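A.B. asks:
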Amino acid sequence: MTDISELNGRGLVLIGCGRMGGALLDGWLKNGLRPGAVHVVDPNPRPDLSALGVAVNGALPPSPAVLVIAVKPQMMADVLPRLNVGADTLVISVAAGVTIAAYEAAFPGAAIVRTMPNTPAAIGQGITAIVGNARAGEGELALAGALMSAVGRTVRLQDEGQMDAVTALSGSGPAYVFHLIEAMAAAGEAEGLSPALALELARATVAGAGALAVAADEDPAKLRENVTSPGGTTAAGLAQLMDPETGLPPLMRRTIAAAAARGRELGK
Ligand SMILES: NC(=O)C1=CN([C@@H]2O[C@H](COP(=O)(O)OP(=O)(O)OC[C@H]3O[C@@H](n4cnc5c(N)ncnc54)[C@H](O)[C@@H]3O)[C@@H](O)[C@H]2O)C=CC1
Ligand SMILES: O=C(O)[C@@H]1CCC=N1
Numbered sequence: 565m566t567d568i569s570e571l572n573g574r575g576l577v578l579i580g581c582g583r584m585g586g587a588l589l590d591g592w593l594k595n596g597l598r599p600g601a602v603h604v605v606d607p608n609p610r611p612d613l614s615a616l617g618v619a620v621n622g623a624l625p626p627s628p629a630v631l632v633i634a635v636k637p638q639m640m641a642d643v644l645p646r647l648n649v650g651a652d653t654l655v656i657s658v659a660a661g662v663t664i665a666a667y668e669a670a671f672p673g674a675a676i677v678r679t680m681p682n683t684p685a686a687i688g689q690g691i692t693a694i695v696g697n698a699r700a701g702e703g704e705l706a707l708a709g710a711l712m713s714a715v716g717r718t719v720r721l722q723d724e725g726q727m728d729a730v731t732a733l734s735g736s737g738p739a740y741v742f743h744l745i746e747a748m749a750a751a752g753e754a755e756g757l758s759p760a761l762a763l764e765l766a767r768a769t770v771a772g773a774g775a776l777a778v779a780a781d782e783d784p785a786k787l788r789e790n791v792t793s794p795g796g797t798t799a800a801g802l803a804q805l806m807d808p809e810t811g812l813p814p815l816m817r818r819t820i821a822a823a824a825a826r827g828r829e830l831g832k
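Residue numbers (the numbering used here): 565 to 832.
So this is what it looks like as structure tokens:
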């Protein structure tokens with residue numbers, strides 16, 4: 565099954581409808597999931613859910629087709645023991661760190677798919693990595709892929725061991741890029757631009773460069789070279805940014821290593 569409208573019969577339960585769960589829900593509803601087929605559990609539900617026709621904090625179907633878990637990893641010990649699934653309910657997690665083994669302990673015998681989306685999902689431009697347990701066959705992985713494709717691209721992992729690195733790169737990555745925008749704008753201000761102009765230039769530059777990186781045939785290194793005139797301004801700037809001791813590569817290495825290490829800690 566790869567059409568999410570086929571879930572309309574047995575339904576989908578979403579545990580946690582915050583930033584990530586909410587973005588997923590919006591994507592599913594846009595892609596053919598009937599609001600009446602969705603049951604949300606959240607102590608602080610988004611105010612628009614009932615008006616959308618989604619069931620909120622009501623009785624749950626005993627055997628939904630899919631149970632999606634989108635609460636904070638720190639909530640799992642409290643949340644998982646309260647949940648029941650049917651023999652053929654597919655359990656999908658978006659949580660950082662929490663391992664397939666932890667879900668297998670909570671839901672013995674269930675097909676589990678662990679995923680890592682990111683917040684551009686809110687505009688259908690996310691990327692989600694997907695890995696399943698032994699019980700998750702091609703059908704379950706395809707269904708999980710269809711659900712996550714509602715908010716962007718998907719990639720499959722062969723090895724759950726890659727998930728902390730993925731989380732550190734693409735899960736957390738939007739925050740690094742937003743901070744790049746902040747840092748570029750602050751530097752522009754320091755060079756005399758108004759805050760509004762500096763932010764407008766920084767935001768449009770990151771958005772345009774990102775779009776070009778996706779659309780162009782050339783790889784990012786070539787695109788960088790295309791901007792860099794010998795002896796020009798970009799070369800002067802890149803000499804700072806590409807410094808092997810103090811530049812972006814060692815900083816990004818530390819950034820992603822720290823995020824991956826935190827993912828491993830959350831999984832303990
Ligand atoms: N925000 C992000 O960029 C990403 C988040 N994730 C993962 O998504 C999960 C959720 O993160 P966010 O959406 O950012 O957090 P959030 O705080 O926006 O949403 C969590 C939601 O869970 C609800 N909640 C709290 N206790 C609950 C309970 N006992 N039962 C049901 N719902 C409960 C909260 O009211 C809230 O609406 C986390 O596990 C995180 O690792 C994954 C990828 C990216
Ligand atoms: O910061 C976090 O733990 C979550 C996982 C990836 C993005 N946000």
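Yeah, the Cβ is synthetic: ideal placement off N, Cα and C, and Gly gets one too. Quick caveat: nothing in here was measured; it's all calculated off a predicted structure.
(1) Hey, out of A771, E753 and V630, whose CA is closest to V604's CA?
(2) What do you reckon, are the CB atoms on G752 and L765 nearer than 8 Å?
(3) Taking 7 Å as the limit between beta carbons, can you name the residues of its chain near G811, skipping five residues before and five after?
(4) Ignore the nearest five residues each way along the sequence and tell me which others in G737's own chain have a CB closer than 7 Å to its CB.
(5) Run the CB neighbour count on R678, radius 10 Å, all protein chains shown included, and call it buried at 16 or more, exposed below.
(6) State the beta-bridge partners of R720 as determined by DSSP.
(7) Does the contact criterion of 3 or more C-beta pairs under 8 Å hold for the segment 654 to 664 versus the segment 601 to 619?
(8) Using the C-alpha atoms, what's the distance from G690 back to E724?
(9) Within this structure, are the beta carbons of A685 and G591 separated by less than 8 Å?
(10) Who are the near neighbours of T718 in its chain, counting only those whose CB is closer than 7 Å to its CB and skipping five residues on each side?
(11) Roughly how many angstroms lie between the CA atoms of E755 and L815, to the nearest whole one?
(12) Let me know if L761 comes out buried or exposed under the rule of 16 or more other beta-carbons within 10 Å of its beta-carbon.
(13) Does DSSP put T792 in a helix, in a strand, or in coil?
C.D. replies: If we stick to the structure as given:
(1) The residue labelled residue 604 in the question sits at position 40 within the sequence shown. The option with the nearest alpha carbon to V604 is V630.
(2) By one-based count along the sequence shown, residue 752 stands at place 188. By one-based count along the sequence shown, residue 765 stands at place 201. Yes, the pair counts as a contact, with Cβ atoms nearer than the cut-off.
(3) For the purposes of this step, residue 811 is identified with residue 247 of the sequence shown, where counting begins at 1. Hits under 7 Å: Q804 and L805.
(4) Translated into the one-based positions of the sequence shown, residue 737 becomes position 173. For G737, where only same-chain residues beyond five positions count, the Cβ hits under 7 Å are N682.
(5) Counted from its first residue, the sequence shown places residue 678 at position 114. The residue is buried, with at least 16 neighbouring Cβ atoms inside 10 Å.
(6) Numbered from 1 along the sequence shown, position 156 holds the residue referred to as residue 720. Looking at the DSSP assignment, R720 forms a beta bridge with I694.
(7) no
(8) On the sequence shown, residue 724 is found 160 positions in, with the first residue counted as 1. On the sequence shown, residue 690 is found 126 positions in, with the first residue counted as 1. E724 and G690: Cα-Cα distance of roughly 20 Å.
(9) Translated into positions along the sequence shown, residue 685 becomes position 121. Translated into positions along the sequence shown, residue 591 becomes position 27. Their beta carbons are under 8 Å apart, which means A685 touches G591 by this criterion.
(10) Your numbering for residue 718 matches position 154 in the sequence shown. Excluding residues within five positions, the ones whose Cβ falls inside 7 Å are T692, I694, G709 and M712.
(11) Position 191 of the sequence shown, counted from the first residue, corresponds to residue 755. Position 251 of the sequence shown, counted from the first residue, corresponds to residue 815. Rounded to the nearest angstrom, the two C-alpha atoms are 23 Å apart.
(12) Within the sequence shown, numbered from 1, the residue matching residue 761 stands at position 197. L761 is exposed by the Cβ-count criterion.
(13) Taking the first residue of the sequence shown as position 1, residue 792 is located at position 228. In this structure, T792 counts as coil in the three-state DSSP scheme.
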